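Using the working numbering, read the sequence shown as starting at 122 and increasing by one per residue. Beneath this line is the structure, given in structure tokens, with notes to follow.
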Amino acid sequence: MAQTIVLISGANRGLGRAFLETFLSRPNHTVIAANRDPAAKTSQELLSLPAAEGSKVIVVKVDATAEDDAAAAVTELQEKHGIDHIDTVIANAAVAWVIPTVSQLKIADLKEHMETNVHGVVRLYQAVLPLLKRSAKPVWVSMGSESGYLTNFLSFPNAAYGPTKVVLHWLTCAIHTEEPTITAFVVDPGRAQTDMGNRGAKAAGELFGIPELTQAEIPVDVSIGGLVKVIDAATRETHSGKLWNYKGEQVPW
């Protein structure tokens, strides 16, 4: 049976790892973990995860801030692992470490968030595009966020991370417009109980005087379970160029 090939950036922890485990549990899947440090314990652990019949993990180095990593990873996938196409790409890798207002925002922090969350995604997309276009059903998934909503703007000081998601949403719409054979859309995982999500929840608790708010509200398995259903159901006609939450609902930009 033909292999379904899925590439996930930032797949060594959090939502990325949960995505990886889900696809790895399906038969005849090759799941590519594009991580910053393949030698790290969290990356090496992926190689020993339970896998369904005919399924496997490949770990490649993709540091979102490195100019040539994504292109080098694609070359490695082709020459070392015989990868001749990619069916689904999930652009998941992102950073968020400060929550300033616009008046407090340091340009250096904004640049660093943009480097990983935007420039890194563009590098990844440009590198994988030739392999993605060789798939019979190519799918590009951008990991969005309510922090990037404009219609239902989130009243929370997030001036370093939020703008990066607005740009990511725009880029995904552009991919949809430019590539008529690719199903490209954004998913919002909700306030999931990852390290990043829990840090955000704790910060919100401190900001709004809610000391009991120490973790995010949505279990990772609930978030990922919903997002995978969205990805499985996605078609160019129904999902592409749109924003979807983990409940399977289309939401406004």
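We put the beta carbon where it would ideally sit given N, CA and C, even for glycine. Note that this is a predicted model, so its numbers are computed, not measured.
query	result
Spatial neighbours of residue 197 in its chain, beta-carbon cut-off 7 Å, leaving aside the 5 residues before and after	181
DSSP state of residue 231 mapped onto helix, strand, coil	helix
DSSP three-state assignment for residue 150, whether helix, strand or coil	strand
Own chain, CB closer than 6 Å to residue 147, minus 5 neighbours either side, in chain order	173
Rounded separation between residue 279 and residue 285 - CA only	10 Å
Meets three-Cβ-pair contact criterion under 8 Å: the region 162-169 and the region 185-204	no
Beta strand (DSSP E) segments (min. 3 residues) lying fully within the region 329-363	none
Limits of the unbroken alpha helix (DSSP H) element including residue 130	That residue, residue 130, is in no alpha helix (DSSP H); its beta strand (DSSP E) goes 125-130.
Boundaries (first-last residue) of the beta strand (DSSP E) holding residue 390	Only positions 122 to 374 of the chain appear in this structure, which leaves residue 390 out of reach.
Proximal residues to residue 267 (C-beta, below 7 Å), its chain only, five neighbours per side dropped	275, 309
Local Cβ density within 10 Å of residue 331, reported as buried at 16 or more and exposed below that	exposed
DSSP-derived helix/strand/coil call for residue 371	strand
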